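Residue numbers (my numbering): 82 to 337. Okay, structure first, notes after.
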Amino acid sequence: MAESMTHLATSTLKGALEFFKYIISRTGLLAVPIQSTSLFVRSSSLDAESNFVPNASKYNAKTPQNFVPDIELMPLAFWAVDDLEEYKADFSKIGIFTFFATILQPKSRGTVRLASSSPHDRPRVDFNFFSHPSDPTIARAAVRLSLKLGAAIKASGFPIMGGVVVPDGEGDEEVDRFVKRRSRSALHYACTCRMAGEFDKDAPGVVDDELRVYGVKGVRVADASVFPKIISTHLQAAVVMVAEKCTEVIMESWED
Ligand SMILES: Cc1cc2nc3c(=O)[nH]c(=O)nc-3n(C[C@H](O)[C@H](O)[C@H](O)COP(=O)(O)OP(=O)(O)OC[C@H]3O[C@@H](n4cnc5c(N)ncnc54)[C@H](O)[C@@H]3O)c2cc1C
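In structure tokens form, the structure reads like this:
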């Protein structure tokens, strides 16, 4: 008991010290970004052994989407899985290195629907993850590339244990099982209120190109939900651009 109290007091003191160090000099532990680098990869540029194949996807102006990265691997110095009980039991006392492997261009489509006519009720959200057959294929490529990089890091001498949270085997079935058990959202929710034609063939638009909601007067939407399609990176900068665009169109409308 006395030992844990001493430990708590030391941790609190260390935390406070780091806090003031950051406030005063912008240095110390809190100045270290959670994620300082990321790897963006096009899955079609990888062969079955996750080797990079130069020029595997040649740029074609008619299908530029075939050139956009569809995998992001985030090397993180913390636990990237949602299972906190598992974390507490097995990993809370050791240093962690994780590849948070994400699908950047998921083709599965979810829904956001009203749960009732009351504005106080939370909407019904169905993520519908992995409902499109191409998403598990990209996820497999992302997991295999992470494993390959992890093995390369270990082979080059970094003192990591390696293979702590990995699939049971290398086959599709084992990797798919791993993806199903370990997948989580990267919290980049977008496109639920997309800017597109009202009767767009891919999915009906909700707002026009000045962010006005079709059929409702005096309402504009300015957030990640209006993206016509999901971008192949983190969303914040693009959200700011939407907000700036919204300011512009509102000010222009005042001039009319
Ligand atoms: C943990 C986390 C980490 C992230 N890290 C990054 C990152 O490092 N880089 C990056 O580019 N992106 C990152 N993102 C993604 C990015 O932050 C979001 O995509 C972006 O903030 C979305 O902007 P938004 O305006 O659509 O929604 P939000 O930023 O969520 O804004 C919605 C706002 O609406 C308010 N609101 C909600 N309901 C109501 C209501 N009924 N009435 C009034 N107000 C309401 C909320 O309080 C909130 O202020 C991260 C997201 C999360 C969750």
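Cβ coordinates follow ideal geometry from the N, Cα and C atoms, glycine included. These figures come from a predicted structure and were not determined experimentally.
Query, Result
"Span of the alpha helix (DSSP H), counted from its first residue to its last, around ARG258", "253-263"
"Option nearest GLU130 by Cα separation, candidates SER212, GLY252, TRP160 and ALA158", "GLY252"
"Three CB pairs or more closer than 8 Å across the region 187-196 and the region 153-172", "no"
"THR273 - DSSP class collapsed to helix/strand/coil", "coil"
"6 Å CB neighbourhood of GLN146 in its chain, flanking five on each side removed", "none"
"Secondary structure of ASP337, DSSP reduced to three states", "coil"
"Ligand 1 heavy atom lying under 7 Å from the CB of ALA318", "yes"
"Under 8 Å between C-beta atoms of ASP257 and ARG225", "no"
"Contact belief for ARG123 with PRO156 at Cβ below 8 Å, rounded distance in angstroms", "Not really, about 19 Å apart at Cβ, beyond 8 Å."
"Residue span of the alpha helix (DSSP H) that contains ILE234, given as start and end", "215-236"
"Touch test, the region 304-322 against the region 257-277, Cβ-Cβ under 8 Å, three pairs minimum", "yes"
"According to DSSP, residues forming a beta bridge with ARG107", "DSSP lists no partner for ARG107."
"At least three beta-carbon pairs within less than 8 Å, the region 201-213 to the region 182-192", "yes"
"Beta-carbon gap between ILE234 and ILE184 smaller than 8 Å", "no"
"beta-carbon HIS201 near ligand 1 non-hydrogen atom, thresh 7 Å", "no"
"Runs of beta strand (DSSP E) wholly within the region 149-193 (minimum 3 residues, chain order)", "152-157 and 179-184"
"ARG263 vs VAL330 beta-carbon contact at 8 Å", "no"
"Neighbour-count burial assignment, ILE104, 16 or more Cβ in a 10 Å radius", "exposed"
"Residue from ILE152, PHE280 and GLN317 with nearest C-alpha to PHE181", "ILE152"
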